[in-house]
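Worksheet: the structure to be examined is printed underneath.
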Amino acid sequence: MSTNNLVSLDREISKLSQEKFRVFSDFAPAGDQPKAIKELTSGLYKGAHNKVLLGVTGSGKTFTMANVIENLQRPTLILAPNKTLAAQLFGEMRSFFPNNAVEYFVSYYDYYQPEAYVPRTDTYIEKDASINEQIDRMRHSATRALIERRDVIVVASVSCIFGIGSLETYSLMTIYINKKENLKQEKLVRKLVELQYRRNQGPLERGDFRVMGDIIEIFPAHSEDRAWRISMFGDEVEEISEFDPLTGQKTEDLNDIKIYPNSHYVTPRPTIQQAIKEIKKELNETLKVLNSKNKLLESQRLEERTTFDIEMMNTTGSCAGIENYSRYLTGRLPGQPPPTLFEYLPNDGLLIVDESHVAVPQLRGMYRGDFKRKSTLAEFGFRLPSCVDNRPLKFEEWDQMRPQTIFVSATPGDWELGLTDGVFTEQLIRPTGLVDPLCILRPVENQVDDLIAECMEAASTNHRVLVTTLTKRMAEDLTEYMHESGINVRYMHSDVDTLERIEIIRDLRLGVFDVLIGINLLREGLDIPECNTVAILDADKEGFLRSRTSLIQTIGRAARNINGKVLLYADKLTGSLEAAIDETERRRNKQRTYNSENNIKPETIRKSVEDILKDAYEVDSDKSTVKAEDEYIGGNLDSHIKSLERKMKNAAAELEFENAAQIRDEIRKLQEKDLGFIQQTDIKSNLRPLGRSRSGVPGTRAKKNKTSKRKKNKI
């Protein structure tokens, strides 16, 4: 590739950098929002490194964040404590910034069983994982956007503090190709293989490339439905075009392209060779130590495993568990922090930590658990001692490298408040005039029967109910019991797949069911305006799930509805319970006073049900064969869509591209139509919309490992 391409790259980056953040919304800041936006923007402009926003549920904290981003015009990383909230924030930010790059960066594992050894039972557990291709694509899209442009918002989970490969290596291995450039086809093919693209002469999938005479077709790692075609004339690039990999139809002519690696962990061959030398050196030193301690079994095990890995790296450039050698592959010294997403964020970037009272403790705990597991592997000869450097950031490292930060929470933690000497921006007044929900104490005796009566009343008025229990088993059993009592109910807890959780929340809003039972996932950030009742069972059981912070957060789930109320089932008034009720009443009184003084009439938040992970696409209505009566196909739309996807792939394989395109448009139209079920539901005829999620239904037990079996070997 010509070195002159870097000039072209700089010009393109300069062009993209001129795009400004601009918020699109039907509403202007109201209530406490203008004051909060002004205080936060002013403080950050003046150089404050830390700001705290104490905002009650439903006060529009996300809208405030969006306006601050617009004012500052800086690349922004929004850190959410879990994937569910990250997905919700991603959807909201995409609606606020339709013309800017809003990206999603969370763990791409649907299932993950880390490598481990249990000395007590002499059991070795192999690493086992299932990768979600869609999320992997979105991660690539996020890093690409951070490299190429300034108008970027990346919504991430704590996955962003785990190593992803260095920015320097990732950038250096990127291929730049210009039209009319001199380029040998063999060199490009070799380079694509180094970037871990797969050569495939069949149908193209993401991460594939194929060669047909003088034409090379590449499906880039960041793209969902667009590939690139490079036409050569001898050693000259004659034409570069974008095309639909399903139909082969050209969509756009391009002057240049940048091909990013198909993996964030890609490593140049010279680096691998240098790393192998260092790995051999550490292996010899470790074997001497083990033999001196008469640990012959551990010594033999380590030598066999490491030698095999070295041979694989020599032959293929990679090996299973190559991340355990990341210290050498990234050229770090022992104990140095790994390269993470924060390395891709510019120095003048902005970090927003949402629900900081949960996210900050999570960041503290990530390193400790990881270190203990890997230390055990090294001690018993499964890995070299350097494997402990394949780790997440320590809390102190994260704290040192983070840019200017806004901590956002309805209940900020002591650490965040300590950074600002107790000073925070308060946002208690909701633009809608809604006040905090009424807290009602009920006795624990007969709490389930009382709850069922409340759920039936809420369902009769087309409202939703959230119920929190103390254990997963209790949530599942209560779901089954309430179902037998005639209530449309689901449960949701940590064993339910990430994307399924999003679908469950969406189905709840659409009215597929009326009651959702959970534990800890129902606390922070769930935006469900249709919910008018929150029930907290065993509210007097003092502990993590019934602390002051947890109770206030759970109470806030009912604050988006004008008729919001919270049922607290308790026989005694604990300190946490009393503090939560008092704080809620304080906020409630302040909000009612403001409404009275400003003649504001409260109204329930109205928010459309969006498919938060739906990418933008255009549907050709002339080709779509979907009809209105197809909306309730077979009682399970998800299964029908999967069937259509199989037909689409078969049609493409038979070279029936027009038919494949029609089926694809039909799939997209079905997904789009599915979003409008709530308006199309005929309540009088008792028809309910068809949900996407199959998880959390009564009579089932969620299991973390649905697709893979945990591999255990007795040593």
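Position 693, counted from 1, in the sequence shown is what my numbering calls 964; the numbers after and before it change by one each time, with no gaps.
Ideal Cβ placement from N, Cα and C applies to all residues, glycine included.
Computed from a prediction, not measured in an experiment: that's the story for all the values here.
Residue i - containing beta strand (DSSP E), residue span
i, result
"ALA387", "387-389"
"LYS521", "521-525"
"TYR447", "446-449"
"LEU709", "709-713"
"ASN870", "It is not in any beta strand (DSSP E) - ASN870 carries neither H nor E in the DSSP assignment."
"SER680", "675-680"
"ASN321", "321-326"
"VAL508", "507-514"
Buried or exposed (CB count within 10 angstroms, at least 16 for buried), residue i
i, result
"LEU554", "buried"
"SER731", "exposed"
"ALA841", "buried"
"PHE815", "exposed"
"GLY436", "buried"
"LEU567", "exposed"
"ASN449", "buried"
"GLY967", "buried"
"LYS458", "exposed"
"ILE711", "exposed"
"PRO541", "exposed"
"TYR316", "exposed"
"THR538", "buried"
"MET364", "buried"
"ASP479", "buried"
"SER821", "buried"
Through-space distance from residue j to residue i, alpha-carbon basis
i, j, result
"ASN403", "SER378", "9 Å"
"ASN832", "ILE799", "9 Å"
"MET753", "VAL783", "16 Å"
"ASN562", "GLU439", "39 Å"
"ASP721", "ALA829", "18 Å"
"ASP399", "LEU463", "27 Å"
"LEU343", "GLU813", "42 Å"
"HIS320", "ARG572", "49 Å"
"GLU549", "TYR599", "7 Å"
"ARG644", "LEU325", "37 Å"
"TYR638", "LEU648", "16 Å"
"PRO491", "ILE823", "46 Å"
"ALA546", "HIS764", "42 Å"
"THR312", "LEU417", "22 Å"
"MET219", "SER430", "Since the first and last residues shown for the chain are 272 and 986, residue 219 lies out of range."
"SER914", "GLU801", "32 Å"
"ASN370", "VAL706", "34 Å"
"ASN526", "SER657", "45 Å"
"GLU419", "ILE406", "20 Å"
"ARG603", "TYR441", "16 Å"
"ASN870", "ARG863", "10 Å"
"ALA1056", "LEU664", "Residue 1056 lies beyond the stretch modelled for the chain, which goes from 272 to 986, so this question has no answer here."
"VAL659", "THR750", "42 Å"
"GLU488", "GLU626", "44 Å"
Continuous alpha helix (DSSP H) stretch holding residue i: start and end
i, result
"PHE695", "From DSSP, PHE695 is part of no alpha helix (DSSP H); its letter is neither H nor E."
"GLY689", "685-690"
"GLY757", "Premise fails: GLY757 is in no alpha helix (DSSP H) and is neither H nor E."
"ILE308", "304-316"
"VAL294", "Looking at the DSSP string, VAL294 is not in any alpha helix (DSSP H), and its letter there is neither H nor E."
"VAL767", "Where VAL767 is concerned, there is no enclosing alpha helix (DSSP H), given that its DSSP letter is neither H nor E."
"PHE666", "666-672"
"CYS726", "718-731"
"ALA337", "332-343"
"ILE833", "Element bounds for ILE833: n/a, residue is neither H nor E."
Residues bridged to residue i (per DSSP)
i, result
"MET483", "ILE486"
"GLU495", "According to DSSP, GLU495 bridges with nothing at all."
"TYR762", "ILE788"
"VAL425", "LEU348, GLU374"
"ASN661", "ASN661 is not bridged to any residue."
"ARG840", "Reading off the sequence shown, one finds Tyr at residue 840, where the question assumed Arg. In the DSSP output, where bridge partners are listed per residue, TYR840 has ARG713."
"ALA806", "VAL738, LEU838"
"ASN453", "GLU507"
"LYS529", "TYR447"
"ILE249", "No statement about residue 249 is possible, as the shown extent of the chain runs from 272 to 986 and does not include it."
"ILE501", "ILE487, ILE511"
"ARG470", "PHE480"
Near the ligand SAM: residue i beta-carbon under 8 Å from a heavy atom
i, result
"ASP527", "Because no ligand of any kind appears in the structure shown, any question about the ligand SAM cannot be addressed here."
Query raised in the report: What are the start and end residues of each continuous alpha helix (DSSP H) run of 4 or more residues lying completely inside the stretch 345-422, in chain order?
Result: Counting only runs of 4 or more, we get 354-367, 404-419.
Report task. Kindly provide the ranges of any beta strand (DSSP E) runs that are 3 or more residues long and lie completely inside the stretch 575-656, ordered along the chain. Result -> Along the length of the stretch 575-656, whole beta strand (DSSP E) runs at least 3 residues long occupy 621-625, reported in chain order.
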